[in-house]
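**Q**
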Amino acid sequence: MMILIFVLFAGSVSLIAWWLLERAQGAWMRYEDRLRDETRRTLDASFLFLDMAQLQPAAACLGLVAMLAAAWLAGRWWGVLPVLAGLLCAPPLILRHVRLRRARRFDSQLPELVQALAGALRAGAGVQPALRHLVAQSSPPLSQEFGLLLREQRLGLSFQDALQQLHARVQTESCGLVVSALGVSARTGGGLADTLENIAGTLRARQHWLGRVEALTAQGRMQSRIMAGLPVLLALVLARLEPEAMALLWQTWYGWSVMMAVLVLEGLGILWIQRVVAIEV
1 MMILIFVLFA GSVSLIAWWL LERAQGAWMR YEDRLRDETR RTLDASFLFL DMAQLQPAAA
61 CLGLVAMLAA AWLAGRWWGV LPVLAGLLCA PPLILRHVRL RRARRFDSQL PELVQALAGA
121 LRAGAGVQPA LRHLVAQSSP PLSQEFGLLL REQRLGLSFQ DALQQLHARV QTESCGLVVS
181 ALGVSARTGG GLADTLENIA GTLRARQHWL GRVEALTAQG RMQSRIMAGL PVLLALVLAR
241 LEPEAMALLW QTWYGWSVMM AVLVLEGLGI LWIQRVVAIE V
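Anchor point for the sequence shown: position 105 equals 105 in full-length UniProt numbering, and the numbering is continuous, going up by one each time.
Right under this line is the structure:
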């Protein structure tokens, strides 16, 4: 009877372990595919033509070095777990930061382009010749995006569709405003120069207020980053300097409970600070 109970228990544990491994493998494959597609889209949108076959091994090597350094600092293999969690969460955050940074640079360059385009239209130039001249004198990312718009037109795409493709690549309010003005003017005609001058003034005022908001909230953003990284850094350093005292944190259930509570509270604090400093203009 005991043998039968043991066999049933071992079989149940094996089935549960197999089911968990299958689930974990499927989740990892979905995460890897989604991350690969998002990375490729972000790199293509940023006009960075890198080979994914070379990028993945480089990222894996950097992650391995980071985990080995964390294990060495902590003096235990448990120190790898926070770094591993950070490495899994970091790529989407990095890609989002790259997209937002490129969008901000595009928006900062847009008012000057719109103002110059309005001046060219008042001087009698057409929209497309004026755009070609201005794009040639602009810097990335604005020159890349509008240069792609002009190349799409030369390949037979209509001006309206090329504008929609531009807005699909750069999904910001400023870009949408300019695309709408150019699209309406292409369909109905009218005084595009006056419209563009008004839009340029609006965009310039918006950039001014965005700069003021970022300056006023810079301290809060810096505090959130310091408060997020300081506990982890102190834990690793103390684990290296005082391994016996920190062993209670790594090797006992109540130590792990404290770490989980700290991580949850820290995450809630970071989200709260981000909501406070996230002011829309």
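For glycine and all other residues, C-beta sits at the position ideal for the given N, C-alpha and C.
1. Less than 8 Å between the CB atoms is what I'm expecting for Leu20 and Leu117, so what's the real figure, rounded?
2. Look up Ala215 in the DSSP assignment and say whether it is helix, strand or coil.
3. Tell me whether Gln171 sits in a helix, a strand or coil according to DSSP, three-state version.
4. How is Gly156 classed by DSSP in three states: helix, strand or coil?
5. Are the beta-carbon atoms of Leu100 and Thr39 separated by less than 8 Å?
6. Answer with buried or exposed for residue 284, where buried requires no fewer than 16 other C-beta atoms within 10 angstroms of its C-beta.
7. Closer than 8 Å by C-beta to Gln160: which residues in its own chain qualify, once you throw out the five before and the five after it? Chain order, please.
8. Looking only at its own chain, which residues have a Cβ that is under 8 Å from the Cβ of Gly176, when we skip the five neighbours before and after it?
9. Identify which residue in Gly26, Leu149 and Gly124 has its Cα closest to the Cα of Arg132.
10. Ordered along the chain, which non-local residues of its own chain (more than five positions away) have a Cβ less than 7 Å from that of Val178?
11. Leaving out five residues on either side along the sequence, give the residues of the same chain with a beta carbon under 6 Å from the beta carbon of Gln137.
12. Going by Cα to Cα distance, which pick from Ile16, Leu88 and Leu43 is closest to Gly63?
13. In its own chain, which residues sit with a C-beta less than 6 Å from the C-beta of His208, not counting the 5 before and 5 after it?
14. Is Met67 buried or exposed, if buried means 16 or more other CB atoms sit within 10 Å of its CB?
15. Is it buried or exposed for Asp37, if we count other Cβ within 10 angstroms and need 16 for buried?
16. Below 8 Å CB to CB, which residues in the same chain sit around Arg122 once its five sequence neighbours on both sides are set aside?
17. Out of Gln144, Leu155, Cys61 and Leu157, which one is the CA nearest neighbour of Val170?
18. Can you tell me whether DSSP reads Ser139 as helix, strand or coil?
19. Thinking Leu265 and Gly255 are a contact (beta carbons under 8 Å), I'd like their distance in whole angstroms, please.
20. When you compare the CB positions of Gln165 and Ser224, do they come within less than 8 Å of one another, or not?
21. Please classify Glu266: does DSSP put it in a helix, a strand, or coil?
22. Taking just the CA atoms, how far does Arg105 sit from Val262?
23. Does DSSP put Leu192 in a helix, in a strand, or in coil?
24. Taking the alpha carbon of Val232 as the reference point, which residue from Ala60, Ala125 and Ala85 has its own alpha carbon closest?
25. Output the distance between the C-alpha atoms of Trp18 and Val83, rounded to the nearest integer angstrom.
26. Please list the terminal residues of the continuous alpha helix (DSSP H) segment that includes Leu95.
27. Measure how close the beta-carbons of Gln107 and Thr172 come, nearest whole angstrom, since I'm counting them as under 8 Å.
28. Where Ala60 and Ala239 are concerned, what is the direct C-alpha to C-alpha distance, given to the nearest angstrom?
**A** Walking through what the data contain:
1. Actually they are not in contact, since the Cβ atoms of Leu20 and Leu117 sit about 59 Å apart, beyond 8 Å.
2. helix
3. In this structure, Gln171 counts as coil in the three-state DSSP scheme.
4. Correct three-state label for Gly156: coil.
5. no
6. This structure cannot settle anything about residue 284, because the visible part of the chain is limited to 1 through 281.
7. Gly183, Ala186 and Arg187
8. Same-chain partners within the cutoff: His167.
9. Comparing Cα-Cα distances from Arg132 to each of Gly26, Leu149 and Gly124, the minimum goes to Leu149.
10. Leu110, Val114 and Ile199
11. none
12. Leu88
13. none
14. buried
15. exposed
16. Ala193
17. Residue Gln144 is the option with its Cα nearest to Val170.
18. coil
19. Contact flag wrong, Cβ pair sits at about 16 Å.
20. no
21. For Glu266, the three-state secondary structure derived from DSSP is helix.
22. One C-alpha to the other measures close to 36 Å.
23. helix
24. The shortest CA-to-CA distance from Val232 to any of Ala60, Ala125 and Ala85 is the one to Ala85.
25. 26 Å
26. Val80 to Arg122
27. Here residue 107 turns out to be Asp, not Gln, going by the sequence shown. Their Cβ separation, rounded to whole angstroms, is 6 Å, which keeps Asp107 and Thr172 in contact under 8 Å.
28. 25 Å
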